[in-house]
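A.B. asks:
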Amino acid sequence: MEDILLVIKGMSADFSKKEKELAAYIQAHSRIVPKMSVQKLAQESGVSAATIVRFCRTLGLNGYFELKMLLAAAKEDTSSYREIKMGESVRQIIKKLERQNTSALKLTLQGLEPQTVEEMLNCLHRAPAIYLCGTRNSAVSVRQLAKRFELLKMILIQVGSYKKAASALAAAPATAVFVFVADEHTQTAESIQLFELAQQRKVYTVLLTPNRNSAAAQLADFVIPTKALRKAAFSTGITTITEMQLFVAEVLFFSYVTRFGIEIASNI
Numbered sequence: 001m002e003d004i005l006l007v008i009k010g011m012s013a014d015f016s017k018k019e020k021e022l023a024a025y026i027q028a029h030s031r032i033v034p035k036m037s038v039q040k041l042a043q044e045s046g047v048s049a050a051t052i053v054r055f056c057r058t059l060g061l062n063g064y065f066e067l068k069m070l071l072a073a074a075k076e077d078t079s080s081y082r083e084i085k086m087g088e089s090v091r092q093i094i095k096k097l098e099r100q101n102t103s104a105l106k107l108t109l110q111g112l113e114p115q116t117v118e119e120m121l122n123c124l125h126r127a128p129a130i131y132l133c134g135t136r137n138s139a140v141s142v143r144q145l146a147k148r149f150e151l152l153k154m155i156l157i158q159v160g161s162y163k164k165a166a167s168a169l170a171a172a173p174a175t176a177v178f179v180f181v182a183d184e185h186t187q188t189a190e191s192i193q194l195f196e197l198a199q200q201r202k203v204y205t206v207l208l209t210p211n212r213n214s215a216a217a218q219l220a221d222f223v224i225p226t227k228a229l230r231k232a233a234f235s236t237g238i239t240t241i242t243e244m245q246l247f248v249a250e251v252l253f254f255s256y257v258t259r260f261g262i263e264i265a266s267n268i
């Protein structure tokens, strides 16, 4: 695993309250943590040793020793992983984007379970209609998904607001599929209402989200991670969330084609 500081930053939404406190301490003291014992880190960060063990497990590490090795190998502290700023050189931008995108992809792949995708594809294939919803930045990814699945002659209903999504779902047939693409602007209460409405209509739900522990994720039938590591202050339209959403869209499209392509071709 590379860029452990970026990994910690990207997984912040997955941490418990105590794990977030630990993560903040590690990010602020990444140079001295490798020299600390578990007991010393627990004392300094204000968490228990058990929290440190759970934190390492959440990161996918074998234990605290591996975390220390990765921190010791990190070339720069968290200040080097901030958003791209005005006046930075081309070389600096290339290196930042490389680190951020590589780490975001690794985090996304870490939570992308092939079995979940396969089960979701079966629901898509049987669905009488597919409802796609994404607001603000996520609308870019929804448009890409729509373009891809329109090639497969699927019945698609694309909406760009919570109100329109609710109206569409209110008339949705059973076993339809509702795909909601979440980003950093997703409103919790409204998204929960959409998933509850989908459940009432016996509609299968798919959630693309940077936060697998969100309230909406607890309601969704299928949760697909899209990890975020970057938000540019002067370019709010594209972040690593969007890039990971587009990556997942490609995974879904090509997986569907390779699985059902012969049947699709015979029906066209």
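Residue numbers are given in the numbering used here: position 241 of the sequence shown equals residue 241, and the series is strictly consecutive. Backbone N, C-alpha and C define an ideal beta-carbon position, used for all residues, glycine too.
Who pairs with I224 in a beta bridge, going by DSSP?
C.D. replies: Translated into the one-based positions of the sequence shown, residue 224 becomes position 224. Answer by DSSP bridge pairing, in chain order: L208.
A.B. asks: Is it the case that the Cβ atoms of N101 and T242 are separated by a distance below 8 Å?
C.D. replies: Taking the first residue of the sequence shown as position 1, residue 101 is located at position 101. Taking the first residue of the sequence shown as position 1, residue 242 is located at position 242. Not a contact, by the Cβ cut-off of 8 Å.
A.B. asks: Give the list of continuous beta strand (DSSP E) stretches no shorter than 3 residues that lie fully inside the stretch 91–159.
C.D. replies: With a minimum length of 3 residues, the continuous beta strand (DSSP E) runs that stay inside the stretch 91–159 are 130–134 and 156–159.
A.B. asks: Across the stretch 134–154 and the stretch 87–104, are there enough close Cβ pairs to call them in contact, namely three or more that are closer than 8 Å?
C.D. replies: No, because fewer than three Cβ pairs between the stretch 134–154 and the stretch 87–104 fall closer than 8 Å, the two stretches do not touch.
A.B. asks: On the criterion of 16 or more Cβ atoms from any shown chain inside 10 Å, does A216 qualify as buried, or is it exposed?
C.D. replies: Position 216 of the sequence shown holds residue 216. Buried, because 16 or more other Cβ atoms sit within 10 Å of the Cβ of A216.
A.B. asks: Looking only at its chain, what residues have a beta carbon closer than 7 Å to the beta carbon of T125, apart from the 5 residues adjacent to it on each side?
C.D. replies: Numbered from its first residue, the sequence shown carries residue 125 at position 125. This sequence places His at residue 125; Thr is not what is there. Excluding residues within five positions, the ones whose Cβ falls inside 7 Å are F260.
A.B. asks: K18 and V38: beta carbons closer than 8 Å?
C.D. replies: For the purposes of this step, residue 18 is taken as residue 18 along the sequence shown, with counting starting at 1. For the purposes of this step, residue 38 is taken as residue 38 along the sequence shown, with counting starting at 1. Their beta carbons are not under 8 Å apart, which means K18 does not touch V38 by this criterion.
A.B. asks: To the nearest angstrom, how far is the alpha carbon of E66 from that of A73?
C.D. replies: Taking the sequence shown and counting its residues from 1, one reaches residue 66 at position 66. Taking the sequence shown and counting its residues from 1, one reaches residue 73 at position 73. One C-alpha to the other measures close to 11 Å.
A.B. asks: Going by DSSP in three states, F178 sits in which element: helix, strand or coil?
C.D. replies: As a position in the sequence shown, residue 178 is number 178, starting the count at 1. It is a strand residue.
A.B. asks: Just to confirm before moving on: does the CB-CB distance between I294 and L70 stay below 8 Å?
C.D. replies: What the structure shows of the chain is the stretch from 1 to 268, and residue 294 is not part of that stretch, so it cannot be assessed.
A.B. asks: Would you kindly work out how many angstroms separate the C-alpha atoms of F178 and S103, rounded to a whole number?
C.D. replies: The residue labelled residue 178 in the question sits at position 178 within the sequence shown. The residue labelled residue 103 in the question sits at position 103 within the sequence shown. If I take the Cα positions, the gap works out to 29 Å.
A.B. asks: In chain order, what residues of the same chain have a beta carbon less than 6 Å from the beta carbon of M1, not counting five sequence neighbours either side?
C.D. replies: For the purposes of this step, residue 1 is taken as residue 1 along the sequence shown, with counting starting at 1. Its pLDDT being 43, under 50, M1 is placed unreliably in this model, and the coordinates cannot settle the point.
A.B. asks: Looking at C-beta atoms only, is the number of pairs between the stretch 217–225 and the stretch 110–119 that lie closer than 8 Å three or more?
C.D. replies: Yes, the stretch 217–225 touches the stretch 110–119.
A.B. asks: Taking only three categories from DSSP, how would you classify I4?
C.D. replies: Indexing the sequence shown from 1 puts residue 4 at position 4. Helix at I4.
A.B. asks: Closer than 8 Å by C-beta to I192: which residues in its own chain qualify, once you throw out the five before and the five after it? Chain order, please.
C.D. replies: Stepping through the sequence shown from its first residue, residue 192 is reached at position 192. The answer, listed in chain order, is A215, A216 and L219.
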